[in-house]
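So for the sequence shown, UniProt numbering puts the first residue at 1; every next one is plus one.
Accompanying notes for the structure given below.
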Amino acid sequence: MRIDKFLKNSRIIKRRTVAKEACEQGRIVVNGKAAKPGTEVKEGDEIDVLFGSGSLKVEVVKLMESCRKEDAASMYRVLE
1 MRIDKFLKNS RIIKRRTVAK EACEQGRIVV NGKAAKPGTE VKEGDEIDVL FGSGSLKVEV
61 VKLMESCRKE DAASMYRVLE
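Quick look at the structure:
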């Protein structure tokens, strides 16, 4: 699954266009490498998301093409 779609489906970032822009600005890092919007993620990958005031480090637990709001948090595990 593409990183921009994962961020949107997991509700880490609200809109896919915002996730795409964050990737293009270098604020998304997958397994220690800067991610482009089309970077593929799989279960077990670590994602660093740099927000304006802080950062979030998560591990991909499972991939779902679509999910309900209540199930979105089950797609990842917060590491820091």
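Every residue gets a Cβ at the ideal spot worked out from N, C-alpha and C, and that includes glycine.
Whole angstroms is fine: what's the gap from residue i's alpha carbon to residue j's?
i: VAL49; j: LEU56; result: 5 Å
i: ARG2; j: PHE51; result: 20 Å
i: LEU79; j: ILE12; result: 14 Å
i: PRO37; j: ASP45; result: 15 Å
i: LYS24; j: ARG15; result: Just to set this straight, residue 24 is Glu in the shown sequence, not Lys. Cα to Cα, the separation comes out at about 15 Å.
i: GLY26; j: THR17; result: 14 Å
i: residue 81; j: TYR76; result: This structure cannot speak to residue 81, because the chain is shown only from 1 to 80.
i: ILE47; j: LYS69; result: 20 Å
In the DSSP output, what is residue i paired with across the bridge?
i: ARG68; result: Answer is none; ARG68 lacks a bridge partner.
Report back the beta-carbon spacing between residue i and residue j to the nearest angstrom; my notes put them in contact at under 8 Å.
i: ALA22; j: LYS8; result: That belief does not hold up - the Cβ atoms of ALA22 and LYS8 are roughly 11 Å apart, past 8 Å.
i: LYS62; j: GLU40; result: With 8 Å as the limit, LYS62 and GLU40 do not qualify as a contact, their Cβ atoms being about 15 Å apart.
My parser needs the alpha helix (DSSP H) runs of 4 or more residues fully inside the UniProt domain "RNA-binding S4" (1-64); what are they? 3-9, 16-24
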